[in-house]
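Trainee: Handing you a structure now.
Number of protein chains: 2
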Amino acid sequence: MNSIRKVTIEDIAREAGVSMKTVSRVFNHEPNVRETTRERVMETAKAMKYRPNVAARGLASNKSYVFVHFHDNPNPDYLERIHQGIHKICRANGYFAVMEPLPIASGSYAEQVTDYVTEFAIGGIILSPPLCDDKALLESLIARAIPFVRLSPSHDLGISSHTFVDDKAAAMMMTDHLIALGHKDIAFISGPPHHGAAQARRNGFVDSIKTANLNLKSCPIMEGDFSFHSGYKAYEQLARLGANPSAIFAANDDMAAGAMVAALKAGRDIPGDLSIGGFDGSRVGEIMWPPLTTIRQPIRGLAEQATELLLAHIRDPEKVNVSAQLPVSLIKRGSSAPFKG
Amino acid sequence: MNSIRKVTIEDIAREAGVSMKTVSRVFNHEPNVRETTRERVMETAKAMKYRPNVAARGLASNKSYVFVHFHDNPNPDYLERIHQGIHKICRANGYFAVMEPLPIASGSYAEQVTDYVTEFAIGGIILSPPLCDDKALLESLIARAIPFVRLSPSHDLGISSHTFVDDKAAAMMMTDHLIALGHKDIAFISGPPHHGAAQARRNGFVDSIKTANLNLKSCPIMEGDFSFHSGYKAYEQLARLGANPSAIFAANDDMAAGAMVAALKAGRDIPGDLSIGGFDGSRVGEIMWPPLTTIRQPIRGLAEQATELLLAHIRDPEKVNVSAQLPVSLIKRGSSAPFKG
DNA sequence: AACCGCATTGACAGCGCTGTCAGTAATGTT
DNA sequence: AACATTACTGACAGCGCTGTCAATGCGGTT
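See the structure below:
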C-alpha cells in the first residue's frame, strides 16, 4: 500500500528471538517475564518503532483502550488542564483520552452514561465534580463493574480510587492570608451549594473567620455558581445590600475575576480599597490586572494521578480504592494588599 | 470489565436469513443491497439490539470511528471551542472526537502523525493552524490516503476540504474601526511570521493604514507569537522604543490582553489615552476590564463545518475539496474609544 | 433458447493481538 | 540425587468483522 509497513508484534518477536506471546506479555505488564527478556523486548520494540494496534488489542482481549472523562463544567481552562493530565498518561499507555461533556439538562447523569457505555466500548471512566458525587451514576457504574476513578469527590470516598486536595484547609489558607493583611470585613462568594468542594471551601472560610474571632455578620456569604457572571452579579448584589467589605474571597478564579471587573467598573481601586482572592490558580488570574492572588490547585496533577490510579485498578483489580492527596499553595499577587483603614 | 457484547453479525445474519457480509453491507451503507433486504436486516438488528463492535470493525477494515484533531496551540480557550464543535458533530454521527496536542518540539509534525496513525486506526484528521500549513505533513497524509480537513489553512487551498474566515478583511475591519475613531498612530502586534492567518491579519492592517493615507512610520509593527506574554513584552518594547501610539491592534486576544495589562501597569488609562483592539472573540476579552473590543471568529462553527466536511468526504470520496467560508464580526467594547488629541 | 451485462449475494481468509494451556527451565526440598 | 514446586515461555485458536472474488439471479437481446 505504501512504503511504511506496519511493525507488528510478530516482527518484534522474530527480532528479539522470543514468541509473540512474550512480547504481548511485556506490553501488558504481565508478570512472569524475566527481567532480561523484558528489557530485550522493550529495546527492540523501541528500535523498530513498534506501536501496538489498539483495535487488535481491543478485539482480542475484549477490552477497550479508551478512557472517557465525563464532565459537566463550563470552564475551558479547568477542562483543558484536566484533559492534558489525562491525555499524558493515556498516551504513555496506549489509551485514547476522550472528553465527554454531560450537561445535566440532557437527562440524568446515570442515564446518559449508561447510553454512552452501551454504544461505545469503554475501558474506564474518570469523573470530575459535580458528576463524581452523583449517587445514581456511581451506583450504576458499580453495578455494571465499569472501572472508574474520581477527581475531588466529596462523598462516599470509600467506593473508588480518587485524587483530591484539602479544599477546606486551602480555603483557610486564603482566608488567613486576608485576615493577616488586616482585613476584618471579608465577603465570600461561594460555589453552587450541591457542589462538594464548594461546601468545603465555604466551611474553611467560616472556620477561619470564627477562629480569628471576627464578626461573621460583617462577613457576608454570597452564592455564586462558579461562573464569571455569577461573580460579577455577586459583587453588584453586595453593593446593593450596602455591604462594604475590604476584601472578597471568591471560591474560584472565574468568580473572582467577575467580582473584580464589577468592582473596577464601580470605580473601586484594587487592591487599594478592595482586596480580592480567588481559588484555582487558573489562567484568568494571570492575565488580569492586577493579577489575582489565589490558591493554586494542581489540577493537571490531580488528573494525571487519577488516570494512573484508573490504570492501576484495571491492571490489578485489587487496587479498587486507592487515593492520593495533592498539595495546594497560596499564590500572593497584586490583587491583595494590607488593609488601610 | 466493560459492556458485555453478545449479539454479533452472525446472529443477525442467521435470523434475517442472509450472509454476514450482507449484514455488514447494510451497516456500512454500501451500495448493491436490495431495498427489501436492507430493511429486513435493519429490523432484525434493531429487534435484537445489535451493536457493531468498534474494535473488530477497526481491525478488519483498517479504519476507525475516531476523528483526531491534531493541534499545536497553547490557547485553552480556542482549543475548547474547537473541541466543542468537533465533538458535537462526532457525537451525532457515532464517532469519537480525540484532541491530540502535537508540540513541534517532540519531532516533525509529519513524523509524529505517522507514528500516531500507525498505532491507532484513525477515521479522519482535523488540522488547525499551524499544522494545517505544514507541507511535509500534508504530503504524508495524502500519500497515505488518510482523509483530512483543515481549519483556516493559508496555503495549498486546493488539496483538501477546509473552513475559513477572511482574516485579511477582518483585520481591515478592526483597523478601519480604530481609524474611524480618529486614531492616527496605531501599533500592530502581529502573530508568528510563519503562521498563515497571522500574515493575512498583518496584511489587512497594513492595507487599511495605506488606504487611509496614514503614515506607516508612526504605525509600528511588533512581532508576537500569539501568547499573552508576547503581547505584554510587545507593549514594553513599544514604550522602550519611544513609540507612543494612541491605539494598539493585536492579532489575537491573548496578546491584546497582555498589552493591556502592561499598559495598565505602566499607568495608562484605557481607553482614555490608549485604545486596544483584539482578534478572536475569546473569553479573555470578556473577563477583563475594560472589556476588549475584538473581532469575533466563529471558531466553534468553523470546527463544526469542518467536521461535517470530513464526514462528507469519507462517505463520498468525490467530495475531497469542499470549502466553507464563515463570517466574522466586529465587537465594539470598552477598550476602544475616540481619540482625544 | 442461448447469451450478455449488471445487480445482488455469499464463502472464506485474514486483520494484529491475546487467552488458554501445555511445555520447558530454574529453583527449592528431602 | 531424585523429585516437587515455581518461574518462565511458546503454539495455537480465535476475537467480530470486512475485503476479495467468485457465484447467483434477473432482465433484456439476439
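As you go down the protein sequences, you meet chains A and B in turn. Numbered per the numbering used here, the first sequence spans residues 1 to 341. Numbered per the numbering used here, the second sequence spans residues 342 to 682. Here a beta-carbon is modelled for each residue, glycine too, at the ideal position from N, C-alpha and C.
1) Looking at the structure shown, is Phe-408(B) part of a helix, part of a strand, or coil, going by DSSP?
2) Compare the C-beta of His-370(B) with all C-beta atoms of chain A and state if any pair is closer than 8 Å.
3) Alpha carbons only, please: which of Ala-538(B), Ala-521(B), Ala-477(B), Asp-517(B) is nearest the one belonging to Asp-507(B)?
4) Roughly how many whole angstroms lie between the Cα atoms of Leu-482(B) and Pro-488(B)?
5) Verify whether the separation of the beta carbon atoms of Met-288(A) and Ala-251(A) is less than 8 Å.
6) Examine chain A for any beta-carbon lying closer than 8 Å to the beta-carbon of Thr-635(B), and answer yes or no.
7) Does the beta-carbon of Glu-100(A) have 16 or more other beta-carbons within 10 angstroms, so that it is buried, or is it exposed?
8) Please look up how many angstroms separate the CB atoms of Gly-464(B) and Lys-404(B), rounded, as I've assumed it's under 8 Å.
9) Alpha helix (DSSP H) containing Met-255(A): first to last residue?
10) Can you give me the start and stop residues for the beta strand (DSSP E) that Phe-279(A) sits inside?
11) Given this structure, state the Cα-to-Cα distance separating Lys-387(B) from Thr-114(A), to the nearest angstrom.
12) Label Arg-315(A) either buried or exposed according to how many other C-beta atoms from any shown protein chain fall within 10 Å of its C-beta, with 16 as the threshold for buried.
13) What is the DSSP secondary structure of Gly-572(B), counted as helix, strand or coil?
14) Return no unless some Cβ of chain A is closer than 8 Å to the Cβ of Pro-417(B).
15) For Asn-213(A) and Gly-281(A), I'd like the C-alpha separation in whole angstroms.
16) Using a Cβ-Cβ cut-off of 6 Å (strictly less than) and excluding sequence neighbours within five positions of Asp-77(A), which residues of its own chain qualify?
17) With DSSP as the reference, please indicate the residues paired to Arg-144(A) in a beta bridge.
18) If the criterion is Cβ atoms closer than 8 Å, does the pair Phe-188(A) and Ser-246(A) meet it?
19) Given 7 Å as the limit, tell me if Asp-657(B) has its C-beta closer than that to any heavy atom belonging to the ligand ZN.
20) To the nearest angstrom, report how far apart Ala-653(B) and Lys-660(B) are at their CA atoms.
21) I want to see whether chain A comes within less than 8 Å of Lys-332(B), judged by CB atoms only; does it?
22) My understanding is that Ser-161(A) touches Ser-323(A), with C-beta atoms under 8 Å, so please give their C-beta distance in whole angstroms.
23) Note down the Cα distance separating Leu-284(B) from Leu-478(B), rounded to an integer number of angstroms.
24) Counting C-beta neighbours from all protein chains within 10 Å, is the total for Leu-605(B) 16 or more, i.e. buried, or is it exposed?
25) Considering only the beta carbon of each residue, do Ser-677(B) and Leu-579(B) sit closer than 8 Å?
26) Please say whether Ile-299(A) and Ile-86(A) have beta carbons closer to each other than 8 Å?
27) Please report the distance separating the alpha-carbon of Pro-632(B) from that of Asp-254(A).
28) Identify each residue in the region 99 to 111 of chain A for which the Cβ-Cβ distance to at least one residue of chain B is less than 9 Å, and report them in chain order.
29) Could you work out which residue in Ser-190(A), Met-42(A), Cys-90(A) is closest to Asn-22(A) when comparing CA atoms only?
30) Give me the DSSP bridge partner(s) of Ile-248(A).
Mentor: Concretely, from the data shown:
1) Reduced to three states, the DSSP call for Phe-408(B) is strand.
2) Taking Cβ atoms only, chain A never reaches closer than 8 Å to His-370(B), which makes this a no.
3) Minimum Cα distance to Asp-507(B) is reached at Ala-538(B).
4) The straight-line gap from Cα to Cα measures roughly 8 Å.
5) Taking C-beta atoms as the reference points, Met-288(A) and Ala-251(A) fail to come closer than 8 Å.
6) Taking Cβ atoms only, chain A never reaches closer than 8 Å to Thr-635(B), which makes this a no.
7) So Glu-100(A) counts as buried.
8) Contact flag correct, Cβ pair sits at about 6 Å.
9) It spans 253 to 265 - the alpha helix (DSSP H) in which Met-255(A) sits, taken as one unbroken run.
10) Phe-279(A) -> no beta strand (DSSP E), and no H or E assigned at all.
11) Computed Cα separation, rounded: 18 Å.
12) An exposed status is given to Arg-315(A), since fewer than 16 other beta-carbon atoms sit within 10 Å of its beta-carbon.
13) Helix, per DSSP.
14) Cβ-Cβ to chain A under 8 Å: yes for Pro-417(B).
15) Computed Cα separation, rounded: 28 Å.
16) Taken in chain order, the residues that qualify are Ser-282, Arg-283.
17) Residue pairing from DSSP leaves Arg-144(A) without any beta-bridge partner.
18) No, Cβ-Cβ distance for Phe-188(A) and Ser-246(A) is not below 8 Å.
19) Absence of the ligand ZN from the depicted structure is noted, as is the absence of any ligand whatsoever, leaving it without description.
20) One C-alpha to the other measures close to 7 Å.
21) Here chain B has residues from 342 to 682 only, and residue 332(B) is not among them.
22) In this structure Ser-161(A) touches Ser-323(A) by the C-beta definition: roughly 6 Å separates them, less than 8 Å.
23) This structure gives no information on residue 284(B), because the portion of chain B shown stretches from 342 to 682.
24) For Leu-605(B), the number of other beta carbons within 10 angstroms of its own is at least 16, and it is reported as buried.
25) In this structure, Ser-677(B) sits away from Leu-579(B), with a CB-CB distance that is not shorter than 8 Å.
26) Against a cut-off of 8 Å, the Cβ pair of Ile-299(A) and Ile-86(A) comes out as no contact.
27) Cα atoms of Pro-632(B) and Asp-254(A): separation of roughly 15 Å, rounded to the nearest angstrom.
28) Per Cβ criterion, the list reads Met-99, Glu-100, Pro-101.
29) Sequence check: residue 22(A) is Thr here, not Asn. Minimum Cα distance to Thr-22(A) is reached at Met-42(A).
30) Under DSSP, Ile-248(A) forms a beta bridge with Ala-187(A), Ile-276(A).
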